[in-house]
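Single-structure report; data block below.
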Amino acid sequence: MSSAEQSLQPRAMSEAEKGVALAVAAHIVWGGMAVYFGLLRHISPLEISVHRALWALPIALLIVWYFRQFGDVLRAAANPRILAILALTSGLAVFNWGFYVWSIEEGRTLESSLGYFINPL
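Residues in the sequence shown are numbered consecutively from -9, following the working numbering.
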């Protein structure tokens, strides 16, 4: 194979390159959410937060199914302490989402962004 043919072959990304690409994609999505929620001003922040919470469940189940981790989920569901912790943290996440959506809808995008910068999740 000539060097010209070798240069046309796709090169596998290193783990570091994958990490950078995924970090950039996450920041683009996160930045786009402010624009998206700004377009949803006619919908209450509570309704948006509840939708996000409810849609998170089937998406999480798809991820669990894809990685074949149902055994881990069933073990966690059998432990009342773990379920209580998951319920509490899920409630806090929904509150956080609602507050974020509310701040965007109230025109407080800068304050919300600074809050996330100062106090990362």
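Beta carbons: idealized from backbone N, C-alpha and C, even for Gly.
Practice problem: State the DSSP-derived secondary structure class of Ile33, mapped to helix, strand or coil. | Solution: In the three-state reduction of the DSSP assignment, Ile33 falls in the coil class, being assigned neither a helical nor a strand state.
Quiz prompt | Continuous alpha helix (DSSP H) stretch holding Glu96: start and end | solution = Bounds of any alpha helix (DSSP H) do not take in Glu96, whose DSSP letter is neither H nor E.
Quiz prompt | 8 Å contact criterion, which Val54 and Val63 should meet: CB distance rounded | solution = Their Cβ separation, rounded to whole angstroms, is 6 Å, which keeps Val54 and Val63 in contact under 8 Å.
Self-check item: Where the alpha helix (DSSP H) containing Arg65 begins and where it ends
Solution: Counting along the chain, the alpha helix (DSSP H) containing Arg65 begins and ends at 60 to 67.
Quiz item: With distances taken between CB atoms, is the gap from Leu30 to Ile38 smaller than 8 Å?
Solution: Yes, Cβ-Cβ distance for Leu30 and Ile38 is below 8 Å.
Quiz item: Would the region 3 to 14 and the region 68 to 75 be scored as touching if the rule is three or more Cβ pairs under 8 Å?
Solution: The answer is no - the region 68 to 75 does not touch the region 3 to 14, with fewer than three Cβ pairs under 8 Å.
Exercise. Indicate the three-state DSSP secondary structure (helix, strand or coil) for Arg1 in the structure shown.
Key: Arg1 falls in the coil class under three-state DSSP.
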